[in-house]
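Notes follow once the structure below has been shown.
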Amino acid sequence: MKKLIVQIPCLNEALTLPATLADIPKTIPGIDAVEILIIDDGSRDGTAEVALAHGAHHVVQFTHRRGLAAAFAAGLDACVKLGADFIVNTDGDNQYAGADIPKLLAPLLEGQADMVIGDRNIQDHHSMSPTKKRLQRVGSWVVRQVSNTQVPDTTSGFRAYTREAALRLSIVSDFSYTLETIIQAGKKKMAVAHVPIATNRRTRASRLFGSTWTYIKASAATIVRIYAMYEPLKVFGILGLLVFAGGLSGALRFIYFYLCGTGWGHVQSLVLSAVLMIVGFQIALIGLVADVISGNRKLLEDILYRVRRMELEAGAAGAGDDARRAPRA
4 MKKLIVQIPC
14 LNEALTLPAT
24 LADIPKTIPG
34 IDAVEILIID
44 DGSRDGTAEV
54 ALAHGAHHVV
64 QFTHRRGLAA
74 AFAAGLDACV
84 KLGADFIVNT
94 DGDNQYAGAD
104 IPKLLAPLLE
114 GQADMVIGDR
124 NIQDHHSMSP
134 TKKRLQRVGS
144 WVVRQVSNTQ
154 VPDTTSGFRA
164 YTREAALRLS
174 IVSDFSYTLE
184 TIIQAGKKKM
194 AVAHVPIATN
204 RRTRASRLFG
214 STWTYIKASA
224 ATIVRIYAMY
234 EPLKVFGILG
244 LLVFAGGLSG
254 ALRFIYFYLC
264 GTGWGHVQSL
274 VLSAVLMIVG
284 FQIALIGLVA
294 DVISGNRKLL
304 EDILYRVRRM
314 ELEAGAAGAG
324 DDARRAPRA
């Protein structure tokens, strides 16, 4: 029996949630059971009550706002514990068309992917300004380079995961999960696919960020942080080499003037060059230490994955024992 759970992180979505829930298909080819999980990120408009009244099967409720990334991570954890074989994430503002859920699931059901991301075809997205489209194109290109994936729409929140993929993801960002999960999936050698999807008319402005500049800063910080976590030697090695090269060029410049007989007038540049070379060498050493720490992190992630699997297997075994002990009529 294959179970799908559609998880929806929500923050004050009481007005749009009924339409979102009504848009989710009740039956899907290849899926035996479809359930809906709402993650209420500290809403104050009765989102959880509206969700239950309109067909949601499960609700995870925060007492205060913890952010989209925390809501997404809590949803994944709840879905796997509820026995989901596949998980689809969508937004509570009805931005994505529920009718495209079977398209997202198709590569997973066929065993061709571990993670599928819906491609909104941003260039034809009329509700997005030309500036945002250009930034989106550049940002997606950067994420593709650092993750070694081919996802054209990296910020799309409409995506599907297998149980194994959900168990292996560990969200550390406080901002958003969209970029981090793609980079993690690429570095963990997961099969990441994408399919074209449709979108509904925009119902409200984004609540994730106050301005485009804020989003750029937060996204850039997330990309650098996650990439440095998985490729620290490359990041610190390149940075250290650049600083060392700057110091070396200054030292060569001093040697040139010294050979020309005017070196005493450039002693300050020699001191600066020495400092830069020492700092560059230290940065490279930091990269070596960070690379060792990164190896330990990979071991810890593998241990966390095994612990999660053991918890699920223990829960399934306990449920089976309870079922066998239950009196029969």
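All you need for our numbering is the position in the sequence shown, starting with 1, plus 3. We treat Cβ as the ideally placed atom computed from N, Cα and C, and that holds for glycine.
Residues bridged to residue i [DSSP beta-bridge criterion]
i: K135; result: K135 pairs with nothing; no bridge assigned.
i: K6; result: A36
i: C13; result: D43
i: N92; result: Q10 and R162
i: G121; result: V198
i: V227; result: In the DSSP output, where bridge partners are listed per residue, V227 has none listed.
i: Y99; result: T202
i: H61; result: L40
i: I241; result: I241 pairs with nothing; no bridge assigned.
i: I31; result: I34
Integer Cβ distance of residue i from residue j, believed to fall under 8 Å
i: P12; j: F89; result: Incorrect: roughly 17 Å between the Cβ atoms, too far for contact.
i: F161; j: T93; result: 5 Å
i: A17; j: G49; result: 5 Å
i: V62; j: I34; result: Their Cβ separation, rounded to whole angstroms, is 21 Å, which puts V62 and I34 out of contact at 8 Å.
i: I31; j: P105; result: 5 Å
i: A287; j: G250; result: That pair is no contact at about 12 Å.
i: V146; j: I226; result: 6 Å
i: P203; j: A100; result: Reading off the sequence, residue 203 comes out as Asn, not Pro. About 6 Å; that satisfies the 8 Å criterion.
i: V282; j: V246; result: 5 Å
i: L236; j: L291; result: 7 Å
i: T165; j: L111; result: 6 Å
heavy atom of the ligand HEM below 6 Å from residue i C-beta
i: D305; result: You won't find the ligand HEM in this model; it holds no ligand whatsoever.
Proximity to residue i [Cα-Cα], best of the options
i: W144; options: L112, T157 and Y99; result: T157
i: L315; options: L170, M131 and T165; result: L170
i: N97; options: T23, L71 and G249; result: T23
i: G318; options: Q271, R69 and G86; result: G86
i: E234; options: K220, Q187, P110 and A221; result: Q187
i: I39; options: V149, L279 and K29; result: K29
i: S252; options: M232, V149, L236 and S276; result: S276
i: H269; options: L255, V282 and Q115; result: L255
i: A231; options: S150, L14 and Q139; result: S150
i: G243; options: E183, M280 and Y218; result: M280
i: A163; options: L302, R47 and G78; result: G78
i: S272; options: F260, V282, G264 and G283; result: F260
i: A56; options: A36, D80, G70 and P21; result: P21
i: S222; options: V274, L138 and A36; result: L138
i: G189; options: R205, M118, M131 and I200; result: M118
i: Q148; options: I185, T217, A59 and R312; result: I185
i: V37; options: Q10, A201 and G264; result: Q10
i: K131; options: V238, F257, R205 and K192; result: Note that residue 131 is Met in the sequence shown, not Lys. Per the Cα distances, R205.
i: R300; options: T217, G95, I229 and F257; result: I229
Nonlocal neighbours in the same chain, by C-beta distance under 7 Å from residue i, ignoring five residues either side
i: P155; result: D122, S143 and H197
i: S361; result: With the chain covering 4 to 332 only, the question about residue 361 has no answer from this structure.
i: L172; result: L79, T184 and Q187
i: F257; result: G266, H269, S272, L273 and S276
Buried/exposed call for residue i, threshold 16 Cβ in 10 Å
i: C82; result: buried
i: I296; result: exposed
i: L7; result: buried
i: E183; result: buried
i: P133; result: exposed
i: R331; result: A caution first: R331 carries a pLDDT of 46, below 50, which makes its placement in the model unreliable, though a value can still be read off. Its Cβ having fewer than 16 others within 10 Å, R331 is exposed.
i: L307; result: exposed
i: T19; result: buried
i: A59; result: buried
i: G264; result: exposed
i: M313; result: exposed
i: A54; result: buried
i: A293; result: buried
i: A201; result: exposed
i: G95; result: buried
i: G70; result: buried
Residues of its chain near residue i, where Cβ-Cβ distance is below 6 Å and the 5 sequence neighbours each way are ignored
i: Q64; result: D43 and A51
i: Y180; result: A72, F75 and I174
i: N15; result: S46 and D48
i: D159; result: Looking at the sequence provided, one finds Ser at residue 159 rather than Asp. Once the five neighbours on either side are set aside, the close Cβ partners of S159 are I120, G121 and R123.
i: V238; result: A231
i: M4; result: D35
Spatial neighbours of residue i in its chain, beta-carbon cut-off 8 Å, leaving aside the 5 residues before and after
i: A115; result: Just to set this straight, residue 115 is Gln in the shown sequence, not Ala. A194 and A196, listed in sequence order.
i: R140; result: I125 and Q126
i: T215; result: T134, K135 and L138
i: F284; result: G243 and F247
i: L108; result: L7, I31, G33, I34, F89, V91, V119 and A163
i: R68; result: L14, D44 and G45
Chain B contact for residue i (CB, 7 Å cutoff)
i: F161; result: Chain labels in this structure do not include chain B; a single protein chain is all it has.
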